[in-house]
Amino acid sequence: MTSVAVVVLDTLRKDAFDDHFDWLPGARFDSAYSTANWTIPAHASLFTGQYASEAGVTAKSPSLDVESPVLAEAFRDAGYTTRCWTTNPNLGDHWDWDRGFEEFVPRRVFTHADADRIFDWESFAARHADDGPEKYLRALWEVLVSDNDTVASVRAGLGRLRGHQRLVKDVPDEGGQSILQRVRDTDFGDDEFLFVNFMEAHTPYDPPEEYRSEDEPLNVVIGDALAGTVEEPDRLRRAYDDEVRYLSDLYRETFAELREDFDYVVTLSDHGECLGEHGMWNHGYGTYPELGHVPLSIHGPGFEGSSDRLVTLLDVHRTVAELAGIDVESRGRDLRDDSDRENALVEYHGLMPGHRDQLARKGLDDERVETLDDPLNGIAVGSDYYGYETHDDGFQHVGDRPESPEETLREAVESLQKRQSDEGRGEISDELQEQLEDLGYA
1110 MTSVAVVVLD TLRKDAFDDH FDWLPGARFD SAYSTANWTI PAHASLFTGQ YASEAGVTAK
1170 SPSLDVESPV LAEAFRDAGY TTRCWTTNPN LGDHWDWDRG FEEFVPRRVF THADADRIFD
1230 WESFAARHAD DGPEKYLRAL WEVLVSDNDT VASVRAGLGR LRGHQRLVKD VPDEGGQSIL
1290 QRVRDTDFGD DEFLFVNFME AHTPYDPPEE YRSEDEPLNV VIGDALAGTV EEPDRLRRAY
1350 DDEVRYLSDL YRETFAELRE DFDYVVTLSD HGECLGEHGM WNHGYGTYPE LGHVPLSIHG
1410 PGFEGSSDRL VTLLDVHRTV AELAGIDVES RGRDLRDDSD RENALVEYHG LMPGHRDQLA
1470 RKGLDDERVE TLDDPLNGIA VGSDYYGYET HDDGFQHVGD RPESPEETLR EAVESLQKRQ
1530 SDEGRGEISD ELQEQLEDLG YA
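My numbering applies: residue 1110 is where the sequence shown begins, and numbers increase by one.
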């Protein structure tokens, strides 16, 4: 069997990748595009082979509740050992992102040294959010019969009841060092599918001390950008670059381990980051080229050199399955083929629920917030053109303009069989809410 590892370097810009990852071997796809501006819809495409609006997995409905099998389920059903190690709290079992993974390790385990021996109160709270007082007896029973440290787990549970549910991060980064150690400690077999998400390039920009050119962690949220209150932009750019330099060194070690254990290692970003272009920061709004254009590299037999042909995260879905000889339904194309893709969409589905409150706190009026909540789309055509809609400046362009790109975009959007999901965001635990706030999602 063919073993495959897919590694997402969350929020890594293409230009930052070019600057700091020249050591990474394998084939590079220089005109690769995400399908969306942020984590949930981009990963929906990566896991389903559909645009997020077709899967019905968007800011308004972040659960992976699609009816068709997702990528990990296809690998599991083909006899693979499937593992997901994620430091992104959006990709949690509370929203069904553990589907198909026999081993699912969430953010809390990687960012807290003792988390792997403490009862998972976050998942319990999400599962029993609508239950009455009897849930506390159920919780105590689950703690007693679990393999966790009973005393430490009870203390953590009492802390939640007293309003101290936030665990202080006790690792030097966003969990990347913990992932590296887990890679070193795991005895991988020949039939493995591993998915990993690193969050080191994500806000807040807080690399280990030896990588800092700034004295303190820096953060910028989408509300700051849309309210025009961003200060000291040069410091923010330096802080982001510090994070990427650290991520490069961290991933160099991780990749060296993975290449020994896996036939193929796919390295990509789910989306980019705005660093002041268009007056925008972070990645919570719009389909700007800095958000859509992403790095993509594949290491393994048959992959070498560089290509400027247009590719998308949908193609990663198809390619990963084809490498393992697994048949999947997908909009993607096998990247071992030389066929050209005519265009690729990048979707913005509106504001995340937590961002509406954030914008209100920043002083934006209701009418402006409603405008910003309207969907937008961008489209890449060939390897050197990208056009995108905006709420304020009309249709914008980067590169050599082809014939009628607005019409091409309209036709591509109209061709989608969009799925309206009523799953919604649902109730989330206090701990998850705080994690989302720390990362700027609320």
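From the three backbone atoms N, C-alpha and C, an ideal C-beta is built for every residue, glycine too.
Output yes or no for whether 9 Å exceeds the beta carbon distance between Gly1135 and Ile1407. yes
Distance, His1129 Cα to Gly1414 Cα: Answer to the nearest angstrom: the Cα atoms are 18 Å apart.
Please classify Arg1137 as buried or exposed, where buried requires at least 16 neighbouring CB atoms within 10 angstroms. buried
Return the chain-ordered list of same chain residues with a C-beta closer than 6 Å to the C-beta of Phe1412, the five sequence neighbours on each side being excluded. Gly1135, Ala1136
Out of curiosity, what's the CA-to-CA distance linking Val1280 and Gln1290? 12 Å
Identify the residues that DSSP records as bridge partners of Ala1348: which are they? Partner(s): none; Ala1348 has no beta bridge.
Please return the same chain residues whose Cβ sits closer than 6 Å to the Cβ of Ala1153, not counting the five positions on each side in sequence. Ala1161, Ala1164, Val1166
Where does His1488 sit, in a helix, a strand or coil, going by DSSP? In the sequence as presented, His is not what sits at residue 1488; that position holds Ile. Correct three-state label for Ile1488: strand.
Cβ neighbours of Arg1321 in the same chain (closer than 7 Å, five flanking residues each side left out): Asp1351
Which class does Gln1542 belong to by DSSP, given the choice of helix, strand or coil? The answer is helix: DSSP assigns Gln1542 an H, G or I state.
By the DSSP assignment, the alpha helix (DSSP H) with Asp1417 in it spans what residues? Per DSSP, Asp1417 belongs to no alpha helix (DSSP H); it is in the beta strand (DSSP E), 1415-1421.
Cross-strand partners of Gly1508 (DSSP beta bridge): Tyr1494
Neighbour-count burial assignment, Ala1469, 16 or more Cβ in a 10 Å radius: Ala1469 comes out exposed.
Counted within 10 angstroms of its Cβ, other Cβ atoms place Thr1480 as buried (16 or more) or exposed: Of the residues assessed, Thr1480 falls on the exposed side of the cut-off, its CB having fewer than 16 other CB atoms within 10 angstroms.
Give every residue of the same chain whose Cβ lies closer than 7 Å to the Cβ of Arg1368, excluding the five residues on either side of it in the sequence, and list them in chain order. Val1374, His1408
Rounded distance between the beta-carbons of Ile1331 and Tyr1394, thought under 8 Å: 5 Å
Please classify Phe1210: does DSSP put it in a helix, a strand, or coil? coil
Say whether the region 1415-1426 touches the region 1459-1473, bearing in mind that this needs 3 or more beta-carbon pairs closer than 8 Å, one atom from each stretch. no
Take Phe1184 as the anchor and find which of Gly1201, Asp1343, Leu1485, Ser1112 has the nearest alpha-carbon. Ser1112
Measure from the C-beta of Asp1174 to each C-beta in chain D and report whether the shortest distance is under 9 Å. Looking for chain D here will not work: only one protein chain is present.
Confirm, please, whether the CB-CB distance from Val1115 to Val1429 is below 9 Å. yes
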